[in-house]
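Per our numbering, the sequence shown starts with residue 5, numbered consecutively. The structure under discussion appears below in the form of structure tokens.
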Amino acid sequence: ESGVLRIQRDITTYRKNAYGVADNSYLDSETLHTSAYVLRRLKSVITSKYGRHKLANDGTRFGPGQAIVTPAVIRGE
Numbered sequence: 005e006s007g008v009l010r011i012q013r014d015i016t017t018y019r020k021n022a023y024g025v026a027d028n029s030y031l032d033s034e035t036l037h038t039s040a041y042v043l044r045r046l047k048s049v050i051t052s053k054y055g056r057h058k059l060a061n062d063g064t065r066f067g068p069g070q071a072i073v074t075p076a077v078i079r080g081e
């Protein structure tokens, strides 16, 4: 009546996964937007701090002073 448009729920047309099985995990577009934001933010934080580092497996032995980071160190961020 007031002429104001309100969106109560923003959904996508995603209904089936790559295997053709019913899947509602990405039905709400907020899920997609939140996931994209988190991934962009994590990439930004990691590349700004460890941009010139090599990635090694946890427990790898390496000499002092080398620019190497392990998954355990990144998880600690």
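Glycine included, every Cβ here is placed at the ideal spot set by N, Cα and C.
query: Same chain, Cβ closer than 6 Å to ASP14, five either side skipped, listed in chain order; result: SER33
query: Residue closest to ARG56, alpha-carbon to alpha-carbon, out of PHE66, VAL73 and ARG44; result: VAL73
query: Where the alpha helix (DSSP H) containing LEU36 begins and where it ends; result: 33-54
query: Nonlocal neighbours in the same chain, by C-beta distance under 8 Å from ILE50, ignoring five residues either side; result: ILE78 and GLU81
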